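Going by this note's numbering, the letters in the sequence shown line up with residues -3 to 418, in that order. Even glycine gets a Cβ: it sits at the ideal position worked out from N, Cα and C. Small disclaimer: the values here were computed from a predicted structure and weren't measured.
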Amino acid sequence: MSHAPSTYQPTNPVLKWLEARLPILGLVHSSFVAYPTPRNLNYWWTFGGILSFLLGAQIVTGIILVMHYTPHADMAFKSVEHIMRDVNSGWMLRYLHANGASMFFVAVYIHIFRGMYYGSYKAPREVLWILGVIIYLLMMATGFLGYTLPWGQMSFWGATVITNFFSAIPFVGEAITTWLWGGYSVGNPTLQRFFSLHYLLPFVIAGVVVLHVWALHVAGQNNPTGVEPKTPQDSVPFTPYATLKDGFAMVAFCIVFAWFAFFIPNYLGHADNYIPANPGVTPAHIVPEWYYLPFYAILRAIPNKLLGVIAMFSSIAILAFLPWLDTSRVRSANYRPLYKQFFWVFVAVTIGLGWLGAKPAEGGYTIAARILTFWYFAHFLIILPLLGLIEKPKALPNSIAESVLGRGAQPAAAAAHAPEKR
-3 MSHAPSTYQP TNPVLKWLEA RLPILGLVHS SFVAYPTPRN LNYWWTFGGI
47 LSFLLGAQIV TGIILVMHYT PHADMAFKSV EHIMRDVNSG WMLRYLHANG
97 ASMFFVAVYI HIFRGMYYGS YKAPREVLWI LGVIIYLLMM ATGFLGYTLP
147 WGQMSFWGAT VITNFFSAIP FVGEAITTWL WGGYSVGNPT LQRFFSLHYL
197 LPFVIAGVVV LHVWALHVAG QNNPTGVEPK TPQDSVPFTP YATLKDGFAM
247 VAFCIVFAWF AFFIPNYLGH ADNYIPANPG VTPAHIVPEW YYLPFYAILR
297 AIPNKLLGVI AMFSSIAILA FLPWLDTSRV RSANYRPLYK QFFWVFVAVT
347 IGLGWLGAKP AEGGYTIAAR ILTFWYFAHF LIILPLLGLI EKPKALPNSI
397 AESVLGRGAQ PAAAAAHAPE KR
């Protein structure tokens, strides 16, 4: 969706002088005030703004926590306890940061599923989608690195299990694992490397988010109909329409966030992580954080270690190829009755894999995980390409305005833009 250059003209002499030399205010005005957005966006489109807020909150709380954290194997656990017990409001900062990671992934999964449902990955938004997948991968890496920093039992053994995956890579796997560890086992060099990367990656994410928003403004926002804006009547200014909706959704989301942070702060954590790391005692059941569980289930569903690692990483990387795997010309699932059914089955499969990832890898759990793993990949590699060939979509509206205002909107829009007869 191309839009005209900013018409912002400051009246203040100082701002006018600055705008003539560095038009930052004009850029903000054209991007977040006058920017045209489809008039039919629903509340599922507010999660982009929520994610931006959460990223900022995670960076701020993380920087403050770093002031009191000690990245050393002998002192990391004690420094976290010091933050919780001795630092003013340290408990609050830590719970906001820890639960903020979970809320971040709640929002990003909703954001991803919304994009899949409404076909936001289709042309001309392929680069926008791929940048989103890159952000997701960086988030997963950052979350894993952060989970190791408290240096509790689950932190230590989670780091041991996850880094051991790289040893399955032929020829170079052992060298990569040794490099990650900084030695021949998980220890103090590992913690210091993970701490450095955990501090760095959020700023990398912020940089990719800027590219993501830039790509969004170049291609324009998708909408529930999947029809591109054609007339001014199809769009409304970003402010106040989208900003008010984003603000309301953000407040509602923050209420849920606050409930977890202040009333049930340890609900999404693991009890074993309140025990200092002990290399001599292996926990009975090692599980990653909940947002990794679907992929952990895929990993364990395949008995071969190398194939399991390939399947796990492929289950994430395959998202980047979605624009080409889905062969339908219609974007929105609202007009694709077959795809809509398969989409909700896919959501159920993903949730089922997450549930199985928290269970022991034995008996019926393993069989169920293999079935759901097959369906997960079949959705992308078999179902989506076939649906584009056999599905008969519903008729699309002629315009966004027609879908919102009714069929009288299009003639009205045409009349409004018709040349005046003299």
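query	result
Minimum C-alpha distance to A53 - residue among T278, A164, A202, H208	A202
For G45, the nearest candidate out of H208, R327, G360 (CA to CA)	H208
Cβ-based burial, T323 [other Cβ within 10 Å; buried from 16]	exposed
Any 3 or more C-beta pairs closer than 8 Å across the region 180 to 200 and the region 64 to 75	yes
Cβ-Cβ separation, H213 to L27 (assumed contact under 8 Å), whole Å	Residue identity differs from the one stated: residue 27 is Ser in this sequence, not Leu. Right, the Cβ-Cβ distance comes to about 6 Å (below 8 Å), so this counts as a contact.
C-beta contact flag for F43 and R110 at 8 Å	yes
Cutoff 6 Å; reference I130; Cβ partners in own chain excluding five residues on either side	V204
Residue burial classification, S85 (beta-carbon count within 10 angstroms, cutoff 16)	exposed
Burial state of P166 (16 or more Cβ within 10 Å)	exposed
Simplified DSSP assignment, three categories, for N323	Checking the displayed sequence, the identity of residue 323 turns out to be Thr instead of Asn. T323 falls in the coil class under three-state DSSP.
Top-ranked residue by Cα proximity to A397, from N160, V168, D230	D230
Where the beta strand (DSSP E) through V204 begins and ends	No beta strand (DSSP E) contains V204, which is instead part of the alpha helix (DSSP H) from 184 to 215.
For P415, three-class secondary structure by DSSP	Per-residue confidence for P415 stands at a pLDDT of 45, beneath the threshold of 50, marking its modelled position as unreliable; no derived number is given.
Residues that T57 bridges to, as DSSP identifies them	According to DSSP, T57 bridges with nothing at all.
T7, DSSP secondary structure in three states	coil
For F190, the nearest candidate out of Y132, Y114, A155, V83 (CA to CA)	A155
Cβ neighbours of V76 in the same chain (closer than 6 Å, five flanking residues each side left out)	P146
C-alpha distance - W93 paired with Q149, whole-angstrom precision	The amino acid occupying residue 93 in the given sequence is His; Trp does not appear at that position. In a straight line, the C-alpha of H93 is about 20 Å away from that of Q149.
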